[in-house]
Amino acid sequence: MAERDPKATTPETRDFDPTRDRKVSGKVHQRLSIAHEVIGDVKKINAHAGNIREGIKATNGNSAYRGSILRDDIDDTTHWKFNNDAGKLLADKYPEAFHAAKAEILHLAPPTTVANAGGGGTCWDQATIAYYFLRIKAVGNPISVVSSPIDHAFAHIGDHEKEDHGDVAVCDAWPTKATACPWDEHFCHGDISKGLTMVADGGGKANDGKTDAKEAIKASLALTDYAKRFVQTTMTDEQTDRHIESGSKTDENGKLKYAERELSDQPVYMHWSNQTTTRPGAERRSLDPESAGGRYMTEEQINNAAGEPTSERE
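Per the working numbering: the sequence shown = residues 743 to 1056.
Written out as structure tokens, the structure is:
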């Protein structure tokens, strides 16, 4: 009989386990890799959502203040000021770049007590910023900001209307421990509607045809003096805990209530606590070779991980 040598495999080529791993095509693996990278890009400048309990707790409520002005339009003058019309025109032409520019400006103005405060915001804000990065990094792929009836938004790589749902990658940076996953494993899998959509083209450019639109917008945009003070606002630990507790209550129909204000100017949201991206019942797979929940593996990765016969014996 053949004796198999479970050869020393690297973490990248560990054996395929069909009980928890999922085989994917090279195209899907590439899309998941891009989505994984972009989730990291979004988290770098927007680590804490304004309507997730963990983000509110980590920032003492500051993420909600930031998120409330992240969605301001180009005509807002209370929180934002343009120093030239060219930047404003670019912001109007490239809304995803405008959103990313605001998030980066907010990221560079954190309260002294909050590490990596970012731009705050909700799932839609995270999805729009992800769309900005996907437009640059997913060239040639259809990309979209999509919305679910359960009031959640995220980004797709691929066209769910034309492709198998297992071939479409979800880029959803909103959950606290977000991971890239195929659309058929996402917690919102079902009916959705499209917002921003295109075939990724490398990103919008300024009038010189070279400068990234976000960078050009950032160079012409700044927080007003009022906004600089506004985005420094935090609550005490006690106020934060009360605020989070109030946002965990439901009405007689079991629907979450809006959180109660602790401060008079405090933006309030419904509070959520989404840790992971995959739907209930699905394995928490990822591209991480050390993933405890499972891994997305290509046929090549599976073949490279197979043990090799070392001898034949009766």
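Note that CB positions come from ideal geometry on N, CA and C, so glycine has one too.
Out of curiosity, what's the CA-to-CA distance linking L876 and P837? Between L876 and P837, the C-alpha separation is close to 14 Å.
Quick check on G784: buried or exposed, where buried means 16 or more other Cβ atoms within 10 Å of its Cβ? Per the sequence shown, residue 784 should be read as Val rather than Gly. Residue environment: V784 is assigned as buried (16 or more neighbouring CB atoms within 10 Å of its CB, all protein chains considered).
By a C-beta neighbour count over all protein chains shown, 10 Å radius and 16 as the cutoff for buried, is L1005 buried or exposed? exposed
A942 and V887 - do their beta-carbons sit closer together than 8 Å? no
Chain-order list of residues whose beta-carbon lies under 7 Å from that of A777 (same chain, five-residue window excluded): I899, A911, V912, C913, A922
How many whole angstroms separate the CB atoms of I885 and G945, which I take to be in contact at a CB cut-off of 8 Å? Between G945 and I885 the Cβ distance is about 11 Å, and since that is not below 8 Å, they are no contact.
Starting from G937 and walking both ways along the beta strand (DSSP E), at which residues does that stretch end? 935-941
Helix, strand or coil: how does DSSP classify C930 here? coil
If you draw a straight line from the C-alpha of H985 to the C-alpha of K844, how long is it? Straight across, the Cα-Cα distance linking H985 with K844 is about 26 Å.
Determine the burial state of N802: buried for a count of at least 16 other Cβ atoms within 10 Å of its Cβ, exposed for fewer. Note on N802: 16 or more other CB atoms within 10 angstroms of its CB, so buried under the neighbour-count rule.
Under 8 Å between the Cβ atoms of A859 and N804? yes
Would you mind stating whether A1047 and D757 have Cβ atoms separated by less than 8 Å? yes
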